[in-house]
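Protein sequence lines, in the order shown, are assigned to chains A and B.
FYI, in my numbering the residues of the first sequence are 1 to 364.
FYI, in my numbering the residues of the second sequence are 365 to 680.
Think of the CB as a built atom: it goes at the ideal place given N, C-alpha and C, for glycine as much as any other residue.
To start, the structure itself, in structure tokens.
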Amino acid sequence: MDNTNVLEVKDLAISFKTFEGKVQAVRGVNFELKKGETLAIVGESGSGKSVSTKAVNRLLPEKNSIIESGQILFEDKDLLTISDKEMQKIRGNDIAMIFQDPMTSLNPTMQVGRQIAEPMMKHQGLTKEESTQKAIELMKLVGIKNPQQTHKHYPHQFSGGMRQRGMIAISLACEPKILIADEPTTALDVTIQAQILNLMNDLKKDLDTSIIFITHDLGVVAQMADRVAVMYAGQIVEIGTADEIFYNPMHPYTWGLLASMPTLDIHQTDLYNIPGSPPNLLHPPEGDAFAPRNEFALAIDFEKEPEMFKVTDTHYAKTWLLHPEAPSVTPPAEVVRRKQKYERLYAEKKNERHVGGEVVGSRG
Amino acid sequence: MQKFILKRLLTAIPVLLMISIAAYMMVNLTPGNPAELFVTPDATPEQIAATERALGLDQPVPIQYVRWLGRALTLDFGNSFSTRYPVLPILVSRLVPTVVLMGSTLLFSYIVAIPLGIISARKQGSWVDNLLTSGSFIGVSIPNFFLGLGLIYIFAVRLGWFPTGGMTELGGDGGFFEVLRHLVLPVVVLSAFYIANMARYMRSTMIQVYGENYMRTATAKGLATKTILTKHGLRNAMIPVITIIGTDLPRLVGGAIVTEQIFQWPGLGRLTITAIQQRDYPILMAVTMLSAVVVLVANLLVDITYAVVDPRIKYN
């Protein structure tokens with residue numbers, strides 16, 4: 001991992017036209033993706049994580065989605081303003097995607113091998129024979145058995161896990177610089193899920209691809225991510241390295257997420273839950289969108305939206321609690337436990353330099 | 365697959381047998397005695413009885429049926445009651461014009477309707493789409509006789525661009541262009557329905573296909589809009605379209621009764637109407653059996669095409 005940015009999303013705002021009015025699905029999102037890193041975007045359904053990343057590949061429905069503002073910079077180009085032709089050259093070539101539902105994401109009437117070969121024919125100008133050979137190699141790489149025969153099979157002859165491997169093979173066909181994985185394991189069994197995640201981790205190491213990993217499963221995040229962005233109501237509320245988010249979270253929403261995550265090491269009777277439900281983005285609330293559900297909310301939270309406060313060079317959180325004049329609060333017990341663990345870990349790391357940088361996550 | 369086709373052909377035999385029995389009953393249940401239509405109104409009962417004997421109508425219906433069946437199995441459908449000519453040559457001579465008419469109609473309709481439906485689906489909600497949707501509503505609703513007479517009045521009577529009816533000129537050579545000139549108006553009339561019907565199906569199918577996840581995958585691969593449509597969209601949209609074509613196919617022989625009447629087209633439709641009016645049982649039976657065979661063959665063809673188009677469909 002080096003420090004160059006392969007992708008920068010700046011001030012991105014997206015709304016959808018509906019019968020009731022404009023839904024502000026994404027409200028000013030900023031993040032950058034570094035070369036070779038995995039950035040996880042977490043948040044509950046409707047927080048805008050899928051929408052922001054679909055905008056990167058311009059896959060939002062043209063009819064009812066509006067890009068209100070923002071830039072998506074990739075190799076000095078703003079992906080939001082380039083022509084459709086230019087975008088086609090980037091899709092599947094520089095920026096590839098893996099989707100949530102492997103059962104329906106493959107074309108049922110086309111051989112799997114051909115579907116994998118297609119982007120190579122389009123972007124690399126390979127012939128049918130060459131691309132078929134490469135498709136067979138890719139299928140072997142992603143762990144599909146017997147690719148010599150199975151490349152001629154149709155998706156219905158594959159299991160769900162095998163289909164997702166096929167999807168991964170499609171996305172890797174042109175060795176993309178960026179891979180966007182939109183909940184790639186949500187529809188799979190837990191055992192298959194682990195295999196797919198391991199596969200993605202291995203491939204990332206081999207190909208030095210940057211990954212944006214969208215999920216609502218914090219266990220998966222711990223296994224995959226170098227950095228984590230937490231989204232709530234169309235905004236990033238906290239962003240930092242995986243260690244910082246898991247062991248030194250600053251935003252009350254992140255606290256809630258972590259506290260509501262079941263762990264194996266303590267005997268919990270009741271699982272923590274965040275009260276209430278996310279705001280209706282037809283009419284986003286004034287002030288902090290999380291305030292009505294936030295037991296630590298301050299008076300100012302209901303009046304003024306907090307800015308992104310800097311915690312470290314890599315860690316930012318959008319909460320008034322980080323304001324110098326804010327009262328100090330005690331986070332939920334689970335979060336305090338995590339912070340203590342982090343401090344111990346940090347002390348150890350200082351002593352043993354060679355451990356540095358390794359992500360230590362707890363698995364859900 | 366061969367086994368499947370063989371099985372389907374074998375099951376067609378009892379089906380055809382049942383159809384023939386039902387049809388024979390119905391034909392004989394129609395009021396009116398064919399023998400009476402053969403003689404002058406002042407004929408004596410003896411003369412009528414003699415005609416009935418000559419036509420074989422004096423026997424009980426089951427016996428008549430068995431006799432008919434025995435001959436039909438050798439493709440001998442008897443002689444027409446009204447003309448006394450053998451049925452089969454009459455049938456064949458009328459079949460050709462109808463197949464020409466309906467074949468051109470279906471071909472023309474699909475060539476127009478399928479692109480229309482795709483455009484409509486692509487530009488869903490635009491004025492093009494609204495125009496097509498309301499246009500196809502009119503196309504499905506407008507009766508053939510009305511449209512036919514209207515077109516004859518404007519283009520044949522008033523403008524004189526096309527003949528009012530028939531398939532060839534009296535004393536003409538029956539060449540390609542002559543037939544083509546006669547085909548235009550009836551094909552336009554018949555196509556109104558088929559275009560409207562197919563365009564609506566194509567539109568809704570394509571809208572559905574464009575919403576499928578694999579189309580999003582195709583876009584995410586960076587394929588061109590045209591490739592996405594032709595390589596990923598169309599083949600998946602074909603299944604419902606084949607079903608529609610399958611239901612259209614039997615109309616190749618029986619789909620134009622009214623229109624043939626209006627345009628004096630020398631086809632099966634007019635033959636059928638005349639046969640009904642004249643209680644011409646042998647002709648009616650032959651037409652019915654022909655239609656039944658065509659329906660069964662069309663269904664079989666549709667099932668075979670499904671398996672060719674969609675790899676998920678396998679027959680064992």
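Can you round the beta-carbon distance between residue 105 (chain A) and residue 578 (chain B) to whole angstroms, since I take them to be within the 8 Å contact cut?
-> Translated into positions along the first sequence, residue 105 (chain A) becomes position 105. Translated into positions along the second sequence, residue 578 (chain B) becomes position 214. 6 Å between Cβ atoms; contact.
| query | For chain A, is any of its Cβ atoms less than 9 Å away from the one on residue 586 (chain B)? | reply | Residue mapping note: residue 586 (chain B) aligns to position 222 of the second sequence, counting from 1. So, interface residue.
key: Min CB distance residue 367 (chain B) to chain A below 9 Å   = Reading the second sequence from its first residue, position 3 is the one you call residue 367 (chain B). For residue 367 (chain B), the nearest beta carbon of chain A is not closer than 9 Å to its own beta carbon.
Just to confirm the assignment: which complete alpha helix (DSSP H) runs, minimum length 4, are found wholly within the region 191-265 of chain A? If we require 4 residues or more, the alpha helix (DSSP H) runs fully inside the region 191-265 of chain A come out as 218-224, 242-247 and 252-259.
Check your understanding: Are residue 42 (chain A) and residue 35 (chain A) touching if we call contact CB-CB under 9 Å?
Key -> In the first sequence, the residue the question calls residue 42 (chain A) occupies position 42. In the first sequence, the residue the question calls residue 35 (chain A) occupies position 35. For residue 42 (chain A) and residue 35 (chain A), no; Cβs fall outside 9 Å.
Checklist line | With 16 other Cβ atoms within 10 Å as the buried cut-off, status of residue 656 (chain B) | finding: Working through the second sequence from its first residue, we reach residue 656 (chain B) at position 292. The residue is buried, with at least 16 neighbouring Cβ atoms inside 10 Å.
**Message:** Considering only their Cβ atoms, is the gap separating residue 466 (chain B) from residue 615 (chain B) smaller than 9 Å?
**Reply:** One-based indexing of the second sequence puts residue 615 (chain B) at position 251. One-based indexing of the second sequence puts residue 466 (chain B) at position 102. Result yes, Cβ atoms of residue 615 (chain B) and residue 466 (chain B) sit closer than 9 Å.
Hey, is residue 371 (chain B)'s beta-carbon within less than 9 Å of any beta-carbon in chain A?
As a working mapping, residue 371 (chain B) is identified with position 7 in the second sequence. The C-beta of residue 371 (chain B) comes no closer than 9 Å to any C-beta of chain A.
Worksheet item: Smallest Cα separation from residue 440 (chain B): which of B:554, B:451, B:559 and B:526?
Response: Locating residue 440 (chain B) in the second sequence gives position 76, counting from the first residue. Checking every option, the nearest Cα to that of residue 440 (chain B) belongs to B:451.
To test your reading of the DSSP string, which unbroken alpha helix (DSSP H) runs of 4 or more residues are found completely within the region 518-544 of chain B?
Counting whole runs of 4 or more residues, the region 518-544 of chain B contains no alpha helix (DSSP H) stretch at all.
Coil, strand or helix - residue 380 (chain B) by DSSP: By one-based count along the second sequence, residue 380 (chain B) stands at place 16. DSSP, read as helix, strand or coil, puts residue 380 (chain B) in helix.
Which whole runs of the alpha helix (DSSP H) in the region 28-93 of chain A are 4 residues long or more, in chain order? Entirely contained in the region 28-93 of chain A, the alpha helix (DSSP H) runs reaching 4 residues are, in chain order, 49-56 and 84-90.
What is the DSSP secondary structure of residue 304 (chain A), counted as helix, strand or coil?
For the purposes of this step, residue 304 (chain A) is identified with residue 304 of the first sequence, where counting begins at 1. Three-state DSSP puts residue 304 (chain A) in coil, outside helix and strand.
Worksheet item: Going by C-alpha distance, which of B:646, B:378 and B:501 is nearest residue 561 (chain B)?
Response: Taking the second sequence and counting its residues from 1, one reaches residue 561 (chain B) at position 197. Closest by alpha carbon: B:501.
#### Entry: Under 7 Å from the C-beta of residue 567 (chain B): neighbouring residues of chain A
For the purposes of this step, residue 567 (chain B) is identified with residue 203 of the second sequence, where counting begins at 1. Within 7 Å Cβ-Cβ: nothing; residue 567 (chain B) doesn't reach chain A, min ~16 Å.
Q) Residues bridged to residue 97 (chain A) by DSSP? A) On the first sequence, position 97 is the one that residue 97 (chain A) refers to. Per DSSP, A:180.
**OP:** Determine, using beta carbons only, whether residue 170 (chain A) comes closer than 9 Å to chain B.
**Re:** Working through the first sequence from its first residue, we reach residue 170 (chain A) at position 170. Residue-level contact by beta carbon holds for residue 170 (chain A) and chain B, with a gap shorter than 9 Å.
query = Whose Cβ in chain B lies nearer than 9 Å to the Cβ of residue 99 (chain A)?
reply = In the first sequence, counting from the first residue as 1, residue 99 (chain A) sits at position 99. Neighbours of residue 99 (chain A) on chain B, chain order: 577, 580, 581 and 584.
For the region 590-611 of chain B, list every residue whose C-beta sits within 8 Å of some C-beta in chain A, in sequence order. Within the region 590-611 of chain B, 591, 595, 596, 599 and 600 place their CB atoms closer than 8 Å to a CB of chain A, listed in sequence order.
So is residue 666 (chain B) in contact with chain A if we call contact Cβ pairs under 9 Å?
-> Numbered from its first residue, the second sequence carries residue 666 (chain B) at position 302. No, its Cβ sits nowhere closer than 9 Å to a Cβ of chain A.
Using a Cβ-Cβ distance cut-off of 9 Å, determine whether residue 122 (chain A) contacts chain B. Here residue 122 (chain A) refers to the residue found at position 122 when the first sequence is read from its first residue. Yes, contact with chain B.
Let me see if you follow: with CB-CB separation under 9 Å, is residue 492 (chain B) close to chain A or not? Taking the first residue of the second sequence as 1, we reach residue 492 (chain B) at position 128. Against chain A, the CB of residue 492 (chain B) has no partner CB under 9 Å away; the residue lies outside that interface.
Checklist entry - How is the beta strand (DSSP E) around residue 296 (chain A) delimited, first residue to last? => result Sequence index remark: in the first sequence, residue 296 (chain A) carries index 296 (1-based). That residue, residue 296 (chain A), is in no beta strand (DSSP E); it is neither H nor E in DSSP.
- Task: Using a Cβ-Cβ cut-off of 9 Å, state whether residue 19 (chain A) counts as contacting chain B.
- Result: Along the first sequence, read from residue 1 onward, the residue named residue 19 (chain A) stands at position 19. Chain B contact via Cβ: absent.
ask   = Does residue 673 (chain B) come within less than 9 Å of chain A when only Cβ atoms are used?
value = In the second sequence, residue 673 (chain B) corresponds to position 309, counting from 1. It does: the Cβ of residue 673 (chain B) has a partner Cβ on chain A nearer than 9 Å.
* Between the region 112-139 of chain A and chain B, which residues of the former have CB atoms less than 7 Å from a CB of the latter, in chain order? -> Only those residues of the region 112-139 of chain A whose C-beta falls short of 7 Å from the nearest C-beta of chain B are listed: 118, 119, 122 and 123.
Quick check on residue 3 (chain A): does DSSP put it in helix, strand or coil? Walking along the first sequence from the start, residue 3 (chain A) turns up at place 3. For residue 3 (chain A), the three-state secondary structure derived from DSSP is coil.
Quick check on DSSP: helix, strand or coil for residue 316 (chain A)? Counting from 1 along the first sequence, the entry for residue 316 (chain A) is found at position 316. In this structure, DSSP gives residue 316 (chain A) an extended state, which the three-state scheme calls strand.
key: Contact list for residue 156 (chain A) against chain B, beta-carbon separation under 8 Å   = Residue mapping note: residue 156 (chain A) aligns to position 156 of the first sequence, counting from 1. Within 8 Å Cβ-Cβ: 675 and 676.
Within 8 Å of chain B by C-beta, residues of the region 36-60 of chain A in sequence order: Flagged, chain order: 57 and 59.
Partner residues on chain B for residue 107 (chain A), Cβ-Cβ distance less than 9 Å: On the first sequence, position 107 is the one that residue 107 (chain A) refers to. Residues of chain B whose Cβ lies closer than 9 Å to the Cβ of residue 107 (chain A) are, in chain order, 576, 578, 579, 581, 582, 595, 596, 599 and 600.
Nearest-angstrom Cα separation, counted from residue 64 (chain A) out to residue 491 (chain B)
On the second sequence, position 127 is the one that residue 491 (chain B) refers to. On the first sequence, position 64 is the one that residue 64 (chain A) refers to. Each residue's alpha carbon lies about 17 Å from the other.
**Report entry** Residue burial classification, residue 365 (chain B) (beta-carbon count within 10 angstroms, cutoff 16)
**Finding:** Here residue 365 (chain B) refers to the residue found at position 1 when the second sequence is read from its first residue. Exposed: under 16 other Cβ atoms inside 10 Å.
query = Taking just the CA atoms, how far does residue 505 (chain B) sit from residue 670 (chain B)?
reply = In the second sequence, residue 670 (chain B) corresponds to position 306, counting from 1. In the second sequence, residue 505 (chain B) corresponds to position 141, counting from 1. In a straight line, the C-alpha of residue 670 (chain B) is about 30 Å away from that of residue 505 (chain B).
*asked:* Contact criterion: CB-CB distance below 9 Å. Does residue 572 (chain B) meet it with respect to chain A?
replied: Translated into positions along the second sequence, residue 572 (chain B) becomes position 208. Residue-level contact check: residue 572 (chain B) does not touch chain A, since none of the beta carbons of chain A fall below 9 Å from its beta carbon.
*With a cut-off of 9 Å, does the C-beta of residue 308 (chain A) fall near any C-beta of chain B?*
Here residue 308 (chain A) is taken as the residue at index 308 of the first sequence, counted from 1. For residue 308 (chain A), the answer is no, since every Cβ of chain B falls outside 9 Å of its Cβ.
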